[in-house]
Amino acid sequence: MTAAVTAAPRRGFAWIRWSAAGLLALVILAAVLAPLLATADPAQQTLDQLRPPSAAHPLGTDALGRDVLSRLLFALRTDLLLMAFAAGLPMLVGTVIGAVAGYYGGLLDVAVRWVADIFQALPVYVLLIAFVFVLGPGTPSLLVAFGALGWVVYARLIRTEVRRVRERDYISAGYLLGLSHTAVLVRHVLPNALRQSLVYLTTDMGMALQGIAVLSFFGLGVEPGTPELGAMVSEAQVFLRSHWWLAAFPGLVIVILGSSVAALGDRWTEREEAV
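Numbering that gives the first Met the number 0 puts the sequence shown at residues 0 to 274.
Listed below in structure tokens is the structure:
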């Protein structure tokens, strides 16, 4: 009875998840087709400064006369790529470290647990800002900072799952067939231990998007002049009262993109709980 009652609201909200998937697909499509959809060069400065939305400039122009729609489309490309790498690289590094530590154990396993406990006890965003501040603004610094801090969660997830999977009977059968430890880990243990990490990846992508936007808002993100959603909001903050659209449109895109990723992450989590 309880399971049926719980399942009913989830089915009722299925349209939200489908809407989130559709919005995310549209955003990705817009980013891919940015060169075709853009109405102007996103870096081109003109004398048409701070123009309201019009036929020539559907989302208006900024303080340097640049077309907001064109910059928004190319900013989507920037943020989606950064979001994918900022979450994907830590997952790759954490998966390798956690799998080796969980499978072989020993001093490496102890070291991974020790480092993970330290990192998870510290404020992530403060460390992220500190990393980027030391390394200097720019895309490479962002990726290094996210990679240095983000691998810990994946390493702990993979380590736990590997230790569970390696005790299964089919793993023992692999040893009896003469497979090496490396072959067993890569072919049989790791593929069956990735589910939790893949579920977390969707949540991590949403957090990466927020982190990238915040860092760019404070001037610690991508290189100046590069179209980026957080940087666009930062540039527009002095015009909030008089030219609201400059901050409203990139801010709305951040909300839509982050909410869509979060909704898909919730769906993955529910499927995992059902399993």
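All C-beta atoms in this analysis are idealised placements derived from N, C-alpha and C, irrespective of residue type, glycine included.
TODO: Please report the Cβ distance between Q195 and E160, rounded to the nearest whole angstrom; I am assuming they are in contact, meaning their Cβ atoms lie under 8 Å.
DONE: Yes, Q195 and E160 are in contact; Cβ-Cβ is about 6 Å, under 8 Å.
Open item on the list: Along the chain, where does the alpha helix (DSSP H) containing P89 start, and where does it finish?
Closed with: 67 to 103
Task: Beta-carbon contacts of L239 that lie in its chain and below 7 Å, excluding the five residues immediately before and after - done: A246
Task: T181, DSSP secondary structure in three states - done: Residue state, collapsed to three classes: helix.
TODO: Taking only the alpha-carbon atoms, compute the straight-line gap between S53 and P41 and give it to the nearest angstrom.
DONE: 17 Å
Open item on the list: According to DSSP, is T225 part of a helix, a strand, or is it coil?
Closed with: Looking at T225 - three-state DSSP - the assignment turns out to be coil, as it is neither helix nor strand.
Open item on the list: Does T202 come out as helix, strand or coil in the three-state DSSP assignment?
Closed with: helix
- [ ] Over the uninterrupted alpha helix (DSSP H) stretch that includes R158, give me the two end residues.
- [x] 138 to 164
TODO: Taking V131 and A147 to be in contact with their CB atoms under 8 Å, please state how far apart those CB atoms are, rounded to whole angstroms.
DONE: Between A147 and V131 the Cβ distance is about 11 Å, and since that is not below 8 Å, they are no contact.
Task: Residue range of the alpha helix (DSSP H) that includes P52 - done: Unbroken run through P52: none, as it is neither H nor E.
Open item on the list: Using a 10 Å radius around the Cβ and a threshold of 16 neighbouring Cβ atoms, would you call T181 buried or exposed?
Closed with: T181 should be labelled exposed.
- [ ] Give the single residue among G229, L80, T201 whose Cα lies nearest to the Cα of L263.
- [x] T201
Open item on the list: Could you pull the DSSP bridge partners for T275 from this structure?
Closed with: The question about residue 275 has no answer, for the chain in this structure spans 0 to 274.
Task: N- and C-terminal bounds of the alpha helix (DSSP H) containing S171 - done: Element bounds for S171: 168 to 175.
- [ ] Check L219 in the structure and name its three-state DSSP category.
- [x] coil
Open item on the list: For P226 and L58, I'd like the C-alpha separation in whole angstroms.
Closed with: 15 Å
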